[in-house]
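First up is the structure itself, then whatever we jot down about it.
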Amino acid sequence: MIEIELELCTACGKCVKVCPVDAIEIKEEKAVLTGDCISCGVCVSACPEDAIEPVIKTAEVEDLAQYEGVWVFAEQENGKLKPTGPQLLGKGRELADKLGEELCAVLIGNDIKELSGELGAHGAEKVYVVDDNIFENYSTEAYTTAVTSLISEYKPNILLYGATHLGRDLAPSVAGRMGLGLTADCTDLSIEEVEGRKVLLQTRPAFGGNVMADIVCPNSRPQMATVRPHVMSPMEPDKDSEFEVIEESVRVREEAISTEVIEVMKPEDKGEIPIEEADVVVCGGRGVGTRKEDFELLRELADLLDGTVGCSRPIVEEDIMPKSRQVGQSGKTISPKLYIVCGVSGAIQHKVGIKDSDYIIAVNKNPDAAIFDVADFGIVGDLNQVLPLMIEKLGKVKEN
Amino acid sequence: MRFVVLVKQVPDTTEVEVDEETGTIIREGVPSALNAFDEFALNLAVEMKEKSEEDIEIVALSMGPPQAEEALNKCLAIGADRAILLTDKSFAGADTWATAVTLSRALKKIGKADLIFAGQEASDGNTAQVGPEVAAHRGLPQLTYVSDIEDLDLREGYILCKKETDEGHVRIKSEIPTVLACMPDPGFEPKIPNVREIMKAKKKPKEQWDLEDLGGEEEDYGLEGSESVVIETYSPPPKGEGIKIEEEPEKSVDELVKFLDEEGLL
Amino acid sequence: MARTDLSDDRELSEEQKLFKESISDWAERNLPLERVIEINREGHPFPEDIIEGLAELGVIMGPVPEEHGGMGLNWKDQIVIADQIGYIDPSIATAAGFMAVETGWGFTLNRYCNEEIREKYVRPAIRGEKFVGIATTEPKGGSDVAGFESTGEKDGDEWVLNGEKTFISGVEECHKMGGGFWVNVRTGPQVEGAPHKNMTAFFVPIDADGVEPQEPYDDAGRGSLSTSGFIMEDVRIPEEYMLGERGKGFYHTMEGFDLARIMIGASAVGVTRRLLEEAADYIKERETFGKPLAKYEGIQFPFVERYTEMEASKLMVKKVADMTDTRYDEEGWVERTGKAQTYKPTEIAKWISMIKYKIPHLAKDTADDAMHWLGAAGYSSEYIFETAWRGVMSYCVGAEGGANIQKIVIGRETLGKDYVPYK
Chain A
17 MIEIELELCT ACGKCVKVCP VDAIEIKEEK AVLTGDCISC GVCVSACPED AIEPVIKTAE
77 VEDLAQYEGV WVFAEQENGK LKPTGPQLLG KGRELADKLG EELCAVLIGN DIKELSGELG
137 AHGAEKVYVV DDNIFENYST EAYTTAVTSL ISEYKPNILL YGATHLGRDL APSVAGRMGL
197 GLTADCTDLS IEEVEGRKVL LQTRPAFGGN VMADIVCPNS RPQMATVRPH VMSPMEPDKD
257 SEFEVIEESV RVREEAISTE VIEVMKPEDK GEIPIEEADV VVCGGRGVGT RKEDFELLRE
317 LADLLDGTVG CSRPIVEEDI MPKSRQVGQS GKTISPKLYI VCGVSGAIQH KVGIKDSDYI
377 IAVNKNPDAA IFDVADFGIV GDLNQVLPLM IEKLGKVKEN
Chain B
446 MRFVVLVKQV PDTTEVEVDE ETGTIIREGV PSALNAFDEF ALNLAVEMKE KSEEDIEIVA
506 LSMGPPQAEE ALNKCLAIGA DRAILLTDKS FAGADTWATA VTLSRALKKI GKADLIFAGQ
566 EASDGNTAQV GPEVAAHRGL PQLTYVSDIE DLDLREGYIL CKKETDEGHV RIKSEIPTVL
626 ACMPDPGFEP KIPNVREIMK AKKKPKEQWD LEDLGGEEED YGLEGSESVV IETYSPPPKG
686 EGIKIEEEPE KSVDELVKFL DEEGLL
Chain C
18 MARTDLSDDR ELSEEQKLFK ESISDWAERN LPLERVIEIN REGHPFPEDI IEGLAELGVI
78 MGPVPEEHGG MGLNWKDQIV IADQIGYIDP SIATAAGFMA VETGWGFTLN RYCNEEIREK
138 YVRPAIRGEK FVGIATTEPK GGSDVAGFES TGEKDGDEWV LNGEKTFISG VEECHKMGGG
198 FWVNVRTGPQ VEGAPHKNMT AFFVPIDADG VEPQEPYDDA GRGSLSTSGF IMEDVRIPEE
258 YMLGERGKGF YHTMEGFDLA RIMIGASAVG VTRRLLEEAA DYIKERETFG KPLAKYEGIQ
318 FPFVERYTEM EASKLMVKKV ADMTDTRYDE EGWVERTGKA QTYKPTEIAK WISMIKYKIP
378 HLAKDTADDA MHWLGAAGYS SEYIFETAWR GVMSYCVGAE GGANIQKIVI GRETLGKDYV
438 PYK
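Right under this line is the structure:
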């Protein structure tokens, strides 16, 4: 909702031009709200006199019953669906069944209507399509306007987004404009009864994952959440499933968009990241070998996993890797998401350097090696056999 | 000209525990710090001020309990010119929505800002929502995942940033004023204030604003003003003993791949 | 397991807390323990990038008044800085030693020098561009003032200095960076029974004609701050480079020692705290006979004894800083506290002696204990303890005043003048 400060209004007409739903008119030399405002906020930024203020009212409790439907924002880029759409539809089916409501998808872009087939196959009963040139590339204003428009028109009960960079840009923008509760980066969702009503229970990690929280949005609709990618599973696609496509036209003016992508940059070489910054570190010790060539396999594995290589102290002393790559007490203490360590016995000095890693995978010939005390998954075996197999099999998974 | 930097004081570690009885985080004995991404945002603001020929006031703004003054002191030492702490009993328990309402009202009171900087997310809440929600409240555009500023022209009214996307990075231009939610690239080292700067900060203006200063009703803010409610916090299930297998390499690696897949690491 | 934290910053001001944070953050990037061990091993001269870093941080010569290029800090602030510098450099010689010498002697030099010396040497030293040090010790005299033989003779409007100074810290660094030394010489006949009379202090630039730096020693520790000496052969120093009053050199010099000793004492508290924290992390983790080392009384009890002494030392240093603030700002102190000045110079001397002999010894003993707890690991250069032990010893045996002399001062102030040895 917006409020126009009439004293400041000069009737320049900019707001009228940019409003996607033609809700503003100039009457008696002042801008006046005459239609249903969808709270997209475009007029607020367009007004040169700062005469328009967002007034954000949240949905009243009585209205809640009007909201029905489990909706999923299906992210796409360059005409290809991102995996989060199907993943959320997989979970969405479960939620929709428990509520006895429809499962729908929201698809926004340019020339992307055909993707609705894939969404239908993955479980969407309805696909709302907003297809126009202006949505070719993501912009906060255009996509927020589209989503808020659909919400205002169709009143869904639940709206889920993948917690991708795009999702985490879009969802709070929608939440902010419409006064909605939003829960970020959920790892689990379910329908529970809270105070006599069936609501969406949103479970998410906080404090970097050391604490879990269960959250509900009691009074605002739709209940919105961004969901961590790759936690939910898509259903097996059913090419014969029936679904409906509903095309909506949402008019967003060029002037409303304040950003412009100048250049898409070349991806950076992840291998050069310092070990303390990398998400994945593959570390080798004496058991790997005493020559530079012996460490090629580790490098290959690290590249495959978008990570970087590290080593234990003897390797630095042999001048195979620089001191900056040394993991352990007298090297660096690191806490990557995934730490793969080969040919390191795991004395206290090494263990101290890695104890806060999320996952530790160890490969060592000696079944009694101390490193297995701290490993989440340990393989007792010859790393010269195990490593090539890891590269081969993980490579296959990555391709799919 | 004015930059406002939104900052938060957070626990200095993510190694926190939940009191199983009350279901709340044990904060006692846990030291606090300026949220790392907010510190980065402030560093960017100071860098922009130093590069510019304009006269720019940097305001550090935070909502928090009285001890959050410490984080604001650090902001002044790093280079902010003025610090404002929004503190009131009624502000407590706010979700990102209520936080955005509180910050936005303060922003309105501060007056026009040419740029609003914020950290992309806080290391305790990890929501990454306050920046965009404040943008929505103020009717401003937003840029999230900003890792660097290439060019800023305050007179012409645009900014050119490096922004992280799911695929990599883009160079993106935006009109200003805008809200920048910032996150550093790996390897970023924040500015370390020296003794001189710390002593200078002592003399910079610090204010505290409460409910009365911001206006509105108690129910607009804090727990009452929130749209999302935490109904339970608990420790994640323990990881359990590690798996150790001693099989033919082919089988071992298959098991490993399965494990990595199940844990969502692939 | 989180790292052990033995700090207690409850009573620190906001600024003091930020000083500590900045010093720790800087050290994490520029001088982690591995590098402390490394630079001690590599030897002198002291790495220039660290001198620059310390100067940039603003931890050198903070109490020098603002109008002279300093920050006008009071000594209660500077001891917090010194404590944290000791914490990040438990070898006490590198960053801590450098900071202590420069701060204590730079401040005192600034009090007694002329404008020219201030512009050419004091201000640059604050910026880390020059080195100012202290040169009193001679082959025949150090603790025994009667042994001093260097002379200064007036010739027109210059003084001609002759003599040899040995076991001086920083000559190599000074030679490299530029700067000079506070030098004591006899400018009158030695008075029987009062050898400290008729001594005058001068500032001697290291590049003055006739100053010949000697080869550095190989010390047991303090590897990166050089110990050597220089010979003065007919060195001509202008009258304006006399520091303070003719004949009062000894007294002015004692002021410099006082301040340097406070810096050392404060640093040694930080050193002790760091050694205890590093040792604690190890003894909590390492197991023998099925239990962590920390569970054995034989290890836990000495640990807590050292910890208790450390906290006591901290309070002593704080008291001394307070006394020093009153000494250099009597009016301000009286105004602030409403009390009349209560500390006599001899009281202050007694307290400074107490912290100078006690706390470096505490740090050394803590390093010694820790090496026992860690065994072979503690004896190796993988951990900080043996490097710390060797470095701190320097301040026990003689640097900035030998411990045994400090005890004589305390004896004089407690038991009375009649019981001073050697009289």
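Protein chains in written order, with my numbering: chain A, 17 to 416; chain B, 446 to 711; chain C, 18 to 440.
Ideal Cβ placement from N, Cα and C applies to all residues, glycine included.
Remember, predicted model here, so these are calculated numbers, not experimental data.
- With fewer than 16 neighbouring CB atoms inside 10 Å of its own CB, R20(C) falls in the exposed class.
- Those residues of the region 592-625 of chain B placed with their C-beta closer than 8 angstroms to a C-beta in chain A are L605, K607, E609, T610, D611, E612, G613, H614, V615, R616, I617, K618, S619, E620, T623, ordered along the chain.
- The Cβ-Cβ distance between T203(A) and T180(A) does not fall below 8 angstroms.
- In the structure shown, the three-state DSSP call for K107(A) is helix.
- As DSSP reads the structure, E19(A) sits in a beta bridge with E69(A).
- The beta carbons of A580(B) and S671(B) sit about 19 angstroms from each other, so the pair does not count as a contact at 8 angstroms.
- Taking the beta carbon of D483(B) as reference, no residue of chain A falls within 8 angstroms; the closest one sits roughly 16 angstroms away.
- Counting of Cβ neighbours within 10 angstroms places T289(C) among the buried residues, the total reaching 16 or more.
- Straight-line spacing of the CA atoms in E276(A) and Y590(B) works out to 15 angstroms.
- Per the Cβ contact rule, the region 294-304 of chain C is not in contact with the region 203-215 of chain C (fewer than 3 Cβ pairs under 8 angstroms).
- When C-beta distances to chain B are compared with 9 angstroms, the residues of the region 265-293 of chain A below that value are I273, S274, T275, E276, V277, I278, E279, V280, M281, K282, P283, E284, I289, P290, E292, E293, in chain order.
- Residue-level contact by beta carbon holds for G75(C) and chain B, with a gap shorter than 8 angstroms.
- For the region 334-360 of chain A, the set of positions with a beta-carbon nearer than 9 angstroms to some beta-carbon of chain C reads K339, Q345, S346, G347 in chain order.
- Assignment of beta-bridge partners to S206(A) by DSSP yields L217(A).
- Proximity to G183(A) across P245(A), S206(A), I128(A), N126(A) peaks at P245(A), based on C-alpha coordinates.
- The Cβ atoms of G266(C) and A218(C) sit closer than 8 angstroms to each other.
- For K519(B), the residues of chain C that pass the 7 angstroms Cβ criterion are L35, in the order they occur in the chain.
- Counting only runs that start and end inside the region 307-349 of chain C, the alpha helix (DSSP H) elements of at least 4 residues fall at 314-345.
- When secondary structure is reduced to three states using DSSP, R144(C) falls in the coil class, being assigned neither helix nor strand.
- For P638(B), same chain residues with a beta-carbon under 6 angstroms away, outside a window of 5 residues either side, are A522, I523 in chain order.
- Residues of the same chain with a CB within less than 8 angstroms of the CB of K636(B), apart from the 5 flanking positions on each side, are N488, V491, I523, G524 in chain order.
- Just measuring C-alpha positions, the residue of F318(C), I300(C), I77(C) sitting nearest L310(C) is I300(C).
- Per DSSP, Y144(A) lies in no alpha helix (DSSP H); the unbroken beta strand (DSSP E) holding it starts and ends at 142-147.
- In the assembly as shown, T111(C) is a buried residue. Its beta-carbon has 16 or more other beta-carbons within 10 Å.
- By the rule that beta-carbons nearer than 8 angstroms mark a contact, E302(C) touches chain A.
- With respect to G632(B), P283(A) sits apart: the two C-beta atoms are not nearer than 8 angstroms.
- In the structure shown, the three-state DSSP call for N91(C) is coil.
- Non-local C-beta neighbours of P233(C) in its own chain, meaning closer than 8 angstroms and more than five positions away in sequence, comprise H61, V188, E189, S243, T244, S245, ordered along the chain.
- Annotated three-state conformation of L410(A) is helix, per DSSP.
- Taking D25(C) as reference, the option from G238(C), A117(C), R291(C) with the minimal CA-CA separation is R291(C).
- Each residue's CA atom was taken as its position, placing A416(C) and P255(C) some 29 angstroms apart.
- Judged by DSSP secondary structure, T161(A) falls within the alpha helix (DSSP H) whose first and last residues are 156-170.
- For the 8 angstroms CB-CB criterion, L135(A) and A90(A) form a contact.
- At a cut-off of 8 angstroms between beta carbons, Q401(A) contacts chain B.
- Interface residue (Cβ-Cβ distance to chain A less than 8 angstroms): E51(C) is classified as such.
- Interface residue (Cβ-Cβ distance to chain A less than 8 angstroms): L451(B) is not classified as such.
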